[in-house]
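**Student:** Protein chains in written order, with the numbering used here: chain A, 41 to 513; chain B, 561 to 683. Handing you this structure, nothing more for now.
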């Protein structure tokens with residue numbers, strides 16, 4: 041119908057009916073449209089509602105989100121803060137660590153520098169020590185614990201004539217092969233035993249003294265050293281001194297002999313009779329002269345001891361014979377003080393090989409001391425024993441007298457020493473007797489010692505080794 | 561006939577004292593004051609014993625001994641010699657004994673009477 045109407049509309053030919061129809065159509069159409077519109081409205085409304093809901097939801101969600109955002113922000117902030125703190129803390133720690141490290145580094149550098157300084161100082165000290173060792177006027181050899189030579193200074197090389205030879209680092213058995221070192225090993229042995237001031241004449245005008253000792257560090261032996269001390273000058277001076285004493289003594293002996301011979305000739309009555317008083321004074325002069333002679337003899341003995349040519353000839357002899365002879369010789373003195381000798385001896389004391397003259401002097405000195413320093417009306421005991429296990433004989437002489445003061449005991453064998461109480465008792469004396477005795481006994485390989493209590497008993501002992509054959513010097 | 565002793569000693573007083581002692585005891589005494597004169601007298605006089613000092617001018621006592629030992633004269637070699645010396649070092653005593661002396665007397669130890677005794681013993 042619409043199409044017809046449209047067609048009529050075009051032709052503008054409408055009838056009432058048409059118009060009515062059109063109206064109807066329109067109405068219908070409008071209704072339809074209205075209905076549509078209403079439904080659309082409803083739909084729109086619905087959509088709107090939905091939208092509102094959605095919006096609301098959105099808003100809510102938004103709000104929620106807003107809320108969440110805040111929480112998160114707070115949390116984030118908190119976390120951030122925490123993190124920052126950690127970072128700060130870490131930073132601080134790093135800083136501190138860095139500082140510490142820097143300090144340590146500095147300290148380390150300082151330490152290294154100190155070490156360097158110390159090392160250089162040590163090096164300097166070592167060089168200084170080495171320079172001192174090298175320029176020592178004494179020769180020095182140092183060995184390690186395995187007896188390998190570590191150091192030989194200039195003087196040592198000179199003494200050992202090893203200037204151009206490479207000896208450092210060599211062992212004792214290698215060094216043993218050097219002929220110039222023979223004397224050294226003869227003295228100290230291959231194991232470098234300890235010696236003290238051993239003399240050796242390397243050549244005529246070079247006399248040295250050798251001493252060896254261990255090098256101890258922290259209570260442990262780390263090596264050994266040998267010291268060579270040039271004593272040529274001392275020896276020369278000593279020799280001159282001894283020569284002087286010897287010459288002086290010999291020159292003194294000539295007039296002393298003349299006095300002795302004259303006095304004894306007169307005293308024997310060979311030059312005529314003299315009265316009692318003359319004789320008494322001449323006897324006193326003779327005694328003084330004899331004392332002078334023994335003093336000169338002591339000086340001679342002393343110089344000979346110190347020249348090192350004391351023990352010369354050894355003979356086999358019976359020591360008891362010498363003791364008996366000396367006792368007889370001292371009769372005058374013993375009678376004067378009313379002293380009795382008690383001589384006791386073991387049976388079968390063997391003959392011993394000794395320098396007779398020196399042994400007489402030794403026994404004479406001991407017996408004379410015993411007489412000089414004993415009280416009157418006492419006994420002197422002499423004892424002679426043989427000790428087979430030790431292969432030696434032992435002599436002892438005991439007197440009761442002034443004795444040796446405790447504080448002077450360690451000086452009793454010292455040259456020229458006389459104890460105060462001895463000087464008071466017997467003014468004449470050189471202080472050489474016991475020094476000479478010690479030398480005599482020791483050069484025979486024996487020992488001498490004493491026991492003494494002041495104002496009581498004093499005993500001197502000596503031992504002499506028993507040897508099977510006579511030794512010649 | 562008296563035995564003849566030759567004393568060779570350069571110290572006059574000692575020489576005279578020992579000479580007197582020996583003469584007083586029946587000996588005939590010859591004297592010399594140095595080794596050379598002494599050795600000449602030994603050769604000329606052939607004494608029965610010689611008392612010989614050591615330290616002397618011209619020839620010392622050891623040189624006199626050496627000269628005596630060197631000679632081919634058997635009589636000279638057998639003359640007993642006693643040394644009288646101021647020095648008595650063992651090395652000297654040893655040397656003298658090896659040269660054949662009868663005794664070695666140190667002057668400060670022995671007086672003329674004791675020397676006389678030694679002379680009596682060895683002649």
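The beta carbon of each residue, even a glycine, is placed where N, CA and C say it ideally should be.
With contact counted as at least three CB pairs below 8 Å, one residue from each stretch, are the segment 433–440 of chain A and the segment 493–500 of chain A in contact?
**Tutor:** Yes, they touch.
**Student:** Near residue 381/A, which residues of its chain fall below 6 Å by C-beta distance, leaving aside the five closest residues on each side in sequence?
**Tutor:** Here residue 381/A corresponds to residue number 341 of the first chain, with the count starting at 1. 367 and 420.
**Student:** So with Cβ pairs under 8 Å, would you call residue 510/A a contact of chain B?
**Tutor:** Within the first chain, residue 510/A is the residue found at index 470, counting from 1. Interpretation of residue 510/A is limited by its pLDDT of 46, a score under 50 that renders its predicted location unreliable; the figure taken from the coordinates is listed afterwards. It does not; no Cβ of chain B falls within 8 Å.
**Student:** Going by DSSP, what residue range makes up the beta strand (DSSP E) through residue 439/A?
**Tutor:** For the purposes of this step, residue 439/A is taken as residue 399 along the first chain, with counting starting at 1. That run of the beta strand (DSSP E) goes 432–440.
**Student:** Does the segment 251–262 of chain A come close enough to the segment 203–218 of chain A to have 3 or more Cβ pairs within less than 8 Å?
**Tutor:** Touching, no, given that fewer than three Cβ pairs across the two stretches are closer than 8 Å.
**Student:** Taking the alpha-carbon positions, what's the residue 163/A to residue 151/A distance?
**Tutor:** Taking the first chain and counting its residues from 1, the one referred to as residue 163/A is at position 123. Taking the first chain and counting its residues from 1, the one referred to as residue 151/A is at position 111. Approximately 17 Å, taken between the alpha carbons.
**Student:** Where DSSP assigns a beta bridge to residue 221/A, which residues make up the other side?
**Tutor:** Working through the first chain from its first residue, we reach residue 221/A at position 181. Looking at the DSSP assignment, residue 221/A forms no beta bridge with any residue, so it has no partner.
**Student:** Return no unless some Cβ of chain A is closer than 8 Å to the Cβ of residue 571/B.
**Tutor:** Residue 571/B sits at position 11 when you count from the first residue of the second chain. Yes, contact with chain A.
**Student:** Here's the rule I'm using: 16 or more other beta-carbon atoms within 10 Å means buried, otherwise exposed. How should residue 569/B be labelled?
**Tutor:** Working through the second chain from its first residue, we reach residue 569/B at position 9. Classification for residue 569/B: buried.
**Student:** Any Cβ of chain A within less than 8 Å of the Cβ of residue 562/B?
**Tutor:** Start at 1 with the first residue of the second chain, and residue 562/B comes out as number 2. So no, residue 562/B is outside the interface.
**Student:** Helix, strand or coil for residue 664/B per DSSP?
**Tutor:** Along the second chain, one-based indexing puts residue 664/B at 104. Correct three-state label for residue 664/B: strand.
**Student:** Where DSSP assigns a beta bridge to residue 368/A, which residues make up the other side?
**Tutor:** Your numbering for residue 368/A matches position 328 in the first chain. In DSSP, residue 368/A forms no bridge with anything.
**Student:** What does DSSP give as the partner residue(s) for residue 178/A in the beta ladder?
**Tutor:** The count along the first chain starts at 1 and reaches residue 178/A at position 138. Residue 178/A pairs with nothing; no bridge assigned.
**Student:** Measuring straight from C-alpha to C-alpha, what distance separates residue 143/A and residue 119/A?
**Tutor:** By one-based count along the first chain, residue 143/A stands at place 103. By one-based count along the first chain, residue 119/A stands at place 79. For residue 143/A and residue 119/A, the distance between alpha carbons rounds to 34 Å.
**Student:** With DSSP as the reference, identify every bridge partner of residue 64/A, one or two as the case may be.
**Tutor:** Walking along the first chain from the start, residue 64/A turns up at place 24. None; residue 64/A has no bridge partner.
**Student:** Have a look at the DSSP bridge pairing and note the partners of residue 634/B.
**Tutor:** Against the second chain, residue 634/B aligns to sequence position 74. Residue 634/B pairs with nothing; no bridge assigned.
**Student:** Using alpha carbons as the reference points, say which of 244/A, 231/A, 227/A and 243/A lies closest to residue 237/A.
**Tutor:** Here residue 237/A refers to the residue found at position 197 when the first chain is read from its first residue. Of 244/A, 231/A, 227/A and 243/A, the residue nearest in Cα terms is 227/A.
**Student:** With a Cβ-Cβ cutoff of 8 Å, do residue 35/A and residue 242/A count as a contact?
**Tutor:** Limits of chain A in this structure are 41 at one end and 513 at the other, which puts residue 35/A out of reach.
**Student:** Among 630/B, 562/B and 678/B, whose alpha-carbon lies nearest the alpha-carbon of residue 663/B?
**Tutor:** The residue you call residue 663/B lines up with position 103 of the second chain. Checked all of 630/B, 562/B and 678/B; the closest Cα to residue 663/B is 678/B.
**Student:** At a cut of 8 Å, does the segment 283–302 of chain A reach the segment 632–639 of chain B through at least three beta carbon pairs?
**Tutor:** Segments in contact, no.
**Student:** Under a three-way DSSP split, which group does residue 269/A fall into?
**Tutor:** Taking the first residue of the first chain as 1, we reach residue 269/A at position 229. Three-state DSSP puts residue 269/A in a strand.
**Student:** Where does the unbroken alpha helix (DSSP H) through residue 199/A begin, and where does it stop?
**Tutor:** What you label residue 199/A is simply residue 159 of the first chain in a count that begins at 1. Per DSSP, residue 199/A belongs to the alpha helix (DSSP H) from 194–199.
**Student:** Around the C-beta of residue 668/B, are 16 or more other C-beta atoms found within 10 angstroms, so that it is buried, or is it exposed?
**Tutor:** Locating residue 668/B in the second chain gives position 108, counting from the first residue. So residue 668/B ends up on the buried side.
**Student:** Consider the Cβ of residue 600/B: report whether some Cβ of chain A lies at a distance smaller than 8 Å.
**Tutor:** By one-based count along the second chain, residue 600/B stands at place 40. No, no contact with chain A.
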